[in-house]
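First comes the structure, then the notes that go with it.
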Amino acid sequence: NSSNRSSIYRLSHIMSPTPAQLEEHPIYLYSNFNFTDVKRELQVLNPPTFQVQDHSQSMTGALLPPGLRFPTGAIAGQHLLLSGTYLTNAQQSFSIWSLNLSSLVWTRIDTGTVFSSGSWNRGLLLEDSNEYLVFGNKTRSLADDYQNRQTNFEHVSIVDLEAFGIYKHPPTTMTQTAQELGLGLLNDQAMADFEILTTDQQRVPVNSAILAARWPYFGALLREQEEQDATNLTSQPSSSTALNGNSNDTNNNANGNGKDSNSSNGRDLDSSLFAKRTLLLPEPYTVVLAFLQYLYTDHLVTAQQHHPQVLSQLLLLADMYGLDRLRDLATHALHQMLNMSTAAMVYETAALSQQTGLQIRSLKVMIAAKKMLQQQQLKLQQQQQQLHGQGENGWRTAEQILHPPHPGHASGQNPYNSHLGIGQHYEGGLQFQQQQQYWNTEPLTPPPASPPPPVAGGSPNSGSTTPKPSFFSFPGSRSKTGAIGGGSSTAMSVTSSSGASMRSGVTGVSSVSSGTIATDKESDMMKKKKEEQHRQEVMQRMVHGSYGVSYGPSGFGGPGL
């Protein structure tokens with residue numbers, strides 16, 4: 001009976017839950033229905049009263065889970081895992097979703113094309129390894145198995161949840177008071193009997209018993225050193241010396257000398273042991289101190305321990321010395337501070353410490369950061385191209401100011417019937433500003449000329465009047481008034497060698513010069529030549545004389561006076 005009670009006691013002691021397991025957790029109830037218009041409900045039962053709280057309207061996310069057939073749920077860290085069969089006319093697959101219980105945000109776990117073919121039916125969470133097992137058959141049809149309500153367990157696929165930031169958080173093993181007591185014990189040099197030497201030649205006093213209990217590697221070194229010292233002590237010969245003579249005083253003196261020698265050797269042994277109670281740890285002082293703080297508290301509680309570089313070294317030390325607790329704490333802390341600036345360092349540390357989940361997640365962050373930088377560079381290039389285009393437009397506008405267009409050349413209108421408007425144009429950092437100016441396009445009246453001589457056979461007071469020549473009148477131009485005799489004949493003005501002006505009413509092209517009659521062809525050529533020469537003279541006088549653009553200190557001026 002006593003043996004049975006003893007065995008039952010041992011069994012119950014082994015199976016008794018730890019304080020962390022005795023902690024009560026809430027119960028989560030999730031349901032989805034009405035697959036044509038999916039309805040999602042989430043109720044939470046909080047201990048100890050387990051009152052139902054509805055959080056159905058609080059769930060958010062870029063995407064929400066569709067209606068899943070025969071869903072399966074599990075809790076992994078701070079996430080609620082939901083998996084099930086997603087069956088529609090267009091898609092048939094096994095879908096996995098996670099709900100962050102702190103923010104109630106849904107996220108789809110993208111597993112690629114693994115579950116897009118075959119018949120996968122059930123999921124199971126391995127909490128300790130942060131893995132999700134999915135059972136099914138990779139060759140069967142999911143639609144057929146759903147119609148027949150068949151579940152397959154021939155094949156299994158493993159999903160590493162830590163790569164998606166879903167993992168079991170390290171539990172709390174010490175109270176806040178115990179952690180503060182551990183830090184105080186580390187700072188108390190009176191409790192130290194050992195020293196840790198750093199690479200920057202700083203010594204940290206520690207208690208060897210605490211380090212041996214919390215750090216197996218150090219405990220093995222300490223035991224090995226103690227065994228070696230004990231072996232050296234037992235193998236050392238006696239140093240008593242006998243002097244010549246049989247007197248008791250001589251023997252007593254000899255015995256006394258022997259005792260002195262033994263005590264002297266004992267002091268040498270103590271000094272040698274004291275000299276050996278130092279361990280060189282090839283790390284800088286900041287890393288060594290953070291490592292010792294963990295050994296004294298079993299947690300990462302100080303701000304110095306949560307520095308990214310220090311955390312990386314702590315993870316490497318945990319992998320080197322086989323400290324699983326420190327590995328979990330450092331990995332969890334690196335997950336929490338993983339971002340674009342720390343992704344490369346975390347990736348390297350995870351690769352060296354064989355933390356595959358952390359390595360994959362940091363790689364995803366680096367890929368996302370690279371895509372974001374490429375998008376920003378592309379956007380910056382587009383902005384630079386737009387600014388460059390605006391600069392070119394400003395240059396062309398400045399050129400137009402210097403050389404204004406002449407619409408009359410194409411439309412047949414007066415090319416000078418245009419004006420300059422108000423505008424500001426930029427060219428290489430220079431600003432051009434022009435005030436609104438209008439050009440006078442009215443023809444200028446030349447000074448009055450001497451009256452022409454009377455026409456032969458006529459009188460100055462005759463009824464026929466000579467039309468006033470216009471500024472644009474030149475040989476061969478059309479007059480606004482009709483010719484002598486009216487009708488449709490064109491009045492042509494010809495000049496003789498003596499300067500007398502004659503009026504001709506003939507519609508043809510004829511000229512009288514020095515009494516010599518020229519042919520019609522030669523007369524046309526001479527007349528066109530004179531007309532072209534006179535036109536050029538008028539144009540030059542208009543541009544350089546009456547309509548010249550002046551340049552002043554304030555920029556472009558108006559018409560020249």
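Numbering-wise, the sequence shown is residues 1 to 561 according to the UniProt record's numbering.
Each residue gets a CB set at the ideal place from its N, CA and C atoms; glycine is no exception.
Relative to the C-alpha of H299, which candidate in A90, T60, D524, G182 has its C-alpha closest?
Here residue 299 refers to the residue found at position 299 of the sequence shown. It is G182.
R108 to V134, Cα distance in whole Å?
Reading the sequence shown from its first residue, position 108 is the one you call residue 108. Reading the sequence shown from its first residue, position 134 is the one you call residue 134. Rounded to whole angstroms, R108 to V134 spans 16 Å at the Cα level.
Below 6 Å CB to CB, which residues in the same chain sit around Q43 once its five sequence neighbours on both sides are set aside?
The residue given as residue 43 occupies position 43 in the sequence shown. If we look at Q43 and ignore the five residues flanking it on each side, its Cβ neighbours are L29, V52, D54.
Flag this pair as touching only if the region 172-180 and the region 295-313 have three or more C-beta atom pairs under 8 Å; answer yes or no.
yes
Hey, how far is the Cα of A143 from the Cα of Y86?
Residue numbering aside, residue 143 sits at position 143 when the sequence shown is read from its first letter. Residue numbering aside, residue 86 sits at position 86 when the sequence shown is read from its first letter. So the two alpha carbons sit approximately 10 Å from each other.
Take every Cβ of the region 329-336, pair it with every Cβ of the region 311-321, and state whether three or more of those distances are shorter than 8 Å.
yes
Is it a yes or a no for the region 186-202 touching the region 90-107, going by three-plus beta-carbon pairs under 8 Å?
no
With a 10 Å radius around its C-beta and 16 neighbouring C-beta atoms as the bar for buried, classify E162 as buried or exposed.
As a working mapping, residue 162 is identified with position 162 in the sequence shown. Under this definition E162 is a buried residue.
Distance CB(V288)-CB(I196) smaller than 7 Å
Along the sequence shown, read from residue 1 onward, the residue named residue 288 stands at position 288. Along the sequence shown, read from residue 1 onward, the residue named residue 196 stands at position 196. Cβ distance < 7 Å, so V288 and I196 count as in contact.
Within the same chain, show all residues whose beta-carbon is closer than 6 Å to that of G508, passing over the 5 residues directly before and after it, in chain order.
For the purposes of this step, residue 508 is taken as the residue at position 508 of the sequence shown. Annotation note: pLDDT 41 at G508 (below 50); position unreliable, coordinate value reported separately. Correct list: empty, nothing qualifies.
Starting from the N-terminal side, write out each stretch of the alpha helix (DSSP H) that is 4 residues or longer and does not extend beyond the region 153-197.
176-187
Drop a sphere of 10 angstroms on the beta-carbon of D128, count the other beta-carbons inside from all chains shown, and report buried for 16 or more, exposed for fewer.
Stepping through the sequence shown from its first residue, residue 128 is reached at position 128. When all chains shown are included, D128 counts as exposed.
Tell me the rounded alpha-carbon separation between M59 and K39.
Here the question's residue 59 lines up with position 59 in the sequence shown. Here the question's residue 39 lines up with position 39 in the sequence shown. One C-alpha to the other measures close to 12 Å.
Hey, D110 and G357: beta-carbon distance below 7 Å or not?
Your numbering for residue 110 matches position 110 in the sequence shown. Your numbering for residue 357 matches position 357 in the sequence shown. Cβ distance not < 7 Å, so D110 and G357 don't count as in contact.
Which residue wins for smallest C-alpha separation from G184, given the options L126, N137, Q293?
Residue numbering aside, residue 184 sits at position 184 when the sequence shown is read from its first letter. Considering only alpha carbons, the answer is Q293.
Just list the residues that DSSP pairs D54 with in beta bridges.
For the purposes of this step, residue 54 is identified with residue 54 of the sequence shown, where counting begins at 1. Paired residues: Q43.
Going along the chain, which residues of its own chain have a beta-carbon closer than 6 Å to the beta-carbon of F217, five neighbours each way excluded?
If you number the sequence shown from 1, residue 217 lands on position 217. The displayed chain sequence assigns Tyr, not Phe, to residue 217. Cβ within range, chain order: Y321.
Just to confirm before moving on: does the CB-CB distance between L63 and G84 stay below 7 Å?
Translated into the one-based positions of the sequence shown, residue 63 becomes position 63. Translated into the one-based positions of the sequence shown, residue 84 becomes position 84. No.
Grab the span of the alpha helix (DSSP H) containing I210 for me, first residue to last.
Sequence index remark: in the sequence shown, residue 210 carries index 210 (1-based). Segment 208-214, the alpha helix (DSSP H) holding I210.
Among the candidates N207, F94, L352, D324, whose CA atom is the shortest distance from the CA of V156?
Position 156 of the sequence shown, counting from 1, holds the residue named residue 156. That would be F94, whose Cα lies nearest to the Cα of V156.
Give the secondary structure of H79 by DSSP, where H, G and I count as helix, E and B as strand, and everything else as coil.
Translated into positions along the sequence shown, residue 79 becomes position 79. H79 falls in the strand class under three-state DSSP.
In three-state terms, what does DSSP make of E531?
Translated into positions along the sequence shown, residue 531 becomes position 531. Of the three classes helix, strand and coil, the one that applies to E531 here is helix, per DSSP.
For A74, which beta-bridge partners are listed by DSSP?
As a working note, residue 74 is residue 74 in the sequence shown. In DSSP, A74 forms a bridge with L81.
Nearest residue (CA-CA) to F291, options L363, D145, W215
Start at 1 with the first residue of the sequence shown, and residue 291 comes out as number 291. Taking only the C-alpha atoms, the option nearest F291 is W215.
With distance defined between alpha-carbon atoms, name the residue in R140, N130, L126 nearest to S119.
Numbered from its first residue, the sequence shown carries residue 119 at position 119. That would be R140, whose Cα lies nearest to the Cα of S119.
Environment of K370 [buried if 16+ CB atoms lie within 10 Å]:
As a working mapping, residue 370 is identified with position 370 in the sequence shown. K370 is exposed by the Cβ-count criterion.
Does at least one heavy atom of the ligand MN sit under 6 Å from the Cβ of S141?
As far as ligands go, the structure on display features none, and thus does not contain the ligand MN.
Own chain residues within Cβ distance below 7 Å of H79, not counting five before or after
For the purposes of this step, residue 79 is taken as residue 79 along the sequence shown, with counting starting at 1. Result list for H79: S98, L99, N100, L101, I166, in chain order.
Within 7 Å, strictly: CB atoms of A343 and S362
Counting from 1 along the sequence shown, the entry for residue 343 is found at position 343. Counting from 1 along the sequence shown, the entry for residue 362 is found at position 362. In contact: A343 and S362 (Cβ atoms closer than 7 Å).
What residue does the beta strand (DSSP E) around V288 start on, and which one ends it?
As a first step, residue 288 must be located in the sequence shown, where it is residue number 288. Where V288 is concerned, there is no enclosing beta strand (DSSP E), although the alpha helix (DSSP H) it sits in stretches over 285-297.
Based on the DSSP secondary-structure assignment, which residues constitute the bridge partners of L124?
If you number the sequence shown from 1, residue 124 lands on position 124. L124 is bridged to L133.
Run of the beta strand (DSSP E) containing V105, from where it starts to where it stops
Numbered from 1 along the sequence shown, position 105 holds the residue referred to as residue 105. Note, V105: beta strand (DSSP E), 105-108.
On the three-state DSSP scale, how would you describe Q147?
As a first step, residue 147 is located in the sequence shown; it is residue number 147 there, counting from the start. It is helical.
On the CB-based measure, 16 or more other CB atoms within 10 Å of its CB, does G389 come out buried or exposed?
As a first step, residue 389 is located in the sequence shown; it is residue number 389 there, counting from the start. Exposed, because fewer than 16 other Cβ atoms sit within 10 Å of the Cβ of G389.
Starting from the Cα of T199, find the closest Cα among Q359, Q304, P284, H534 and give me that residue.
Position 199 of the sequence shown holds residue 199. Among Q359, Q304, P284, H534, the Cα nearest to that of T199 belongs to P284.
Please return the same chain residues whose Cβ sits closer than 6 Å to the Cβ of D145, not counting the five positions on each side in sequence.
Residue 145 sits at position 145 when you count from the first residue of the sequence shown. The answer, listed in chain order, is S119.
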